[in-house]
Amino acid sequence: MSLNIPEHLHRYVTLTEQEDMINRFKCPVCSFRTRLGPGALRMHLILKSDPKVETQYDPAHEAYMKTTEFSLDTVKELAQFPRIELKD
354 MSLNIPEHLH RYVTLTEQED MINRFKCPVC SFRTRLGPGA LRMHLILKSD
404 PKVETQYDPA HEAYMKTTEF SLDTVKELAQ FPRIELKD
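For the sequence shown, this note's numbering assigns the number 354 to the initial residue and increments by one for each residue that follows.
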């Protein structure tokens with residue numbers, strides 16, 4: 354059984370081989386991948402797009418965040434799908 358993830362959210366996830374769970378959340382701009390959840394992905398995008406954080410700033414991330422809406426609602430929507438959890 355594959356997940357029925359809306360098309361606009363596919364760019365933010367990689368699925369397991371069976372396509373029944375989210376394996377990782379991925380940045381659509383760079384190679385960043387995480388299992389920490391969609392909130393961690395949002396934080397990555399925000400930090401990389403903020404010119405005030407000179408050590409992490411990336412113009413490509415800033416341009417992406419200006420053209421897309423990766424809001425808290427998007428995080429909530431992504432969090433509803435089953436995913437592989439980090440083990441303690």
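Just so it is clear, CB atoms sit at the ideal spot from N, CA and C, and this is done for glycine as well.
- Buried is the label assigned to PRO391, since at least 16 other Cβ atoms lie within 10 Å of its Cβ.
- When C-alpha distances from LYS419 are compared across ARG364, VAL406, LYS401, the shortest belongs to LYS401.
- In the DSSP assignment, ILE375 forms a beta bridge with LEU368, ARG436.
- Rounded to the nearest whole angstrom, the C-alpha separation of LEU368 and MET374 is 6 Å.
- In this structure, the CA atom of LYS440 is about 22 Å from the CA atom of LEU356.
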